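A.B. asks: Mapping of the sequence shown onto the UniProt record's numbering: residues 1 to 154, in sequence order.
Just so it is clear, CB atoms sit at the ideal spot from N, CA and C, and this is done for glycine as well.
Predicted model only: the values in this text are computed from it and were never measured.
Starting off with a structure, shown below.
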Amino acid sequence: MQKFINNDFSDIRYFEDSVIVSNWIDLSKYRLMTNAEILKHETPKPSIFHTEWNGTEWIDIRTEEEQLQYKRSQYPTLTRYQFLRCLLENGYKSSNIEAQILTIEDEFTRELTLLGFKEATNFVRTDESVIAMQSILNLDDDQVDAMWLYALTL
Numbered sequence: 001m002q003k004f005i006n007n008d009f010s011d012i013r014y015f016e017d018s019v020i021v022s023n024w025i026d027l028s029k030y031r032l033m034t035n036a037e038i039l040k041h042e043t044p045k046p047s048i049f050h051t052e053w054n055g056t057e058w059i060d061i062r063t064e065e066e067q068l069q070y071k072r073s074q075y076p077t078l079t080r081y082q083f084l085r086c087l088l089e090n091g092y093k094s095s096n097i098e099a100q101i102l103t104i105e106d107e108f109t110r111e112l113t114l115l116g117f118k119e120a121t122n123f124v125r126t127d128e129s130v131i132a133m134q135s136i137l138n139l140d141d142d143q144v145d146a147m148w149l150y151a152l153t154l
């Protein structure tokens with residue numbers, strides 16, 4: 001298979017080896033692709049985040065933290081039941097959580113977190129109120145991730 005690319009990189013053409021390419025394209029506007037160019041062109045990107053080519057594969061250039069933030073943003077929402085039951089099974093009673101929320105100094109953050117805790121019908125992993133509850137309960141991201149994944153099974 002012969003693979004030609006337009007000099008401005010806007011078009012790629014494939015021809016069987018038996019074809020006389022100059023009968024089909026203007027060779028002053030196209031050139032034969034290198035093996036490296038063919039590999040890059042024909043190697044699928046594993047995800048939309050794999051944007052850099054290192055010569056052999058596509059690379060995801062996000063930091064580990066950016067990858068974790070994206071992963072958490074994709075977690076399914078929890079129902080109120082799943083959220084509260086998971087907290088209870090991990091030793092956190094609703095009344096104690098509410099009491100902890102009431103100790104938040106910033107009034108807006110306190111009211112927003114309380115509203116989220118008392119009124120939400122579902123919970124999003126990256127929501128401000130969930131992150132505030134995580135902080136007041138002294139839970140790290142890995143602990144909350146593990147609890148979240150467990151809650152999804154309830």
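With a 10 Å radius around its C-beta and 16 neighbouring C-beta atoms as the bar for buried, classify G116 as buried or exposed.
C.D. replies: buried
A.B. asks: Suppose you measure from the CA of T77 to the CA of A146; what does that come to, to the nearest Å?
C.D. replies: 14 Å
A.B. asks: Thinking just about the alpha-carbon of each residue, which of N54, V130, L149 is nearest to the one in E111?
C.D. replies: V130
A.B. asks: Checking the sheet assignment: what are the DSSP bridge partners for Q74?
C.D. replies: DSSP output for Q74 lists no bridge partner at all.
A.B. asks: In angstroms with no decimal places, state the Cα-to-Cα distance between F4 and W58.
C.D. replies: Rounded to the nearest whole angstrom, the C-alpha separation of F4 and W58 is 22 Å.
A.B. asks: Comparing alpha-carbon positions, which option in M1, I97, W148 lies nearest Y75?
C.D. replies: Sorting M1, I97, W148 by C-alpha distance to the C-alpha of Y75 places W148 at the top.
A.B. asks: Going by the beta-carbon positions, is the gap between Q2 and D26 smaller than 8 Å?
C.D. replies: Contact flag unset, no.
A.B. asks: Identify, in the order they occur along the chain, each residue of the same chain with its Cβ nearer than 7 Å to the Cβ of A36, setting aside the five sequence neighbours on each side.
C.D. replies: G55
A.B. asks: Unbroken alpha helix (DSSP H) runs of length 4 or more, entirely within the segment 89-140: which are they?
C.D. replies: 94-101, 107-119, 128-136
A.B. asks: Spell out the partners DSSP gives W58 in its beta bridges.
C.D. replies: W53
A.B. asks: Give the secondary structure of K40 by DSSP, where H, G and I count as helix, E and B as strand, and everything else as coil.
C.D. replies: Helix.
A.B. asks: What residue range does the beta strand (DSSP E) around N6 cover?
C.D. replies: In the DSSP assignment, N6 falls within the unbroken beta strand (DSSP E) covering 2-6.
A.B. asks: Rank M33, V19, F123 by C-alpha distance to the C-alpha of I12 and give the top, closest one.
C.D. replies: M33
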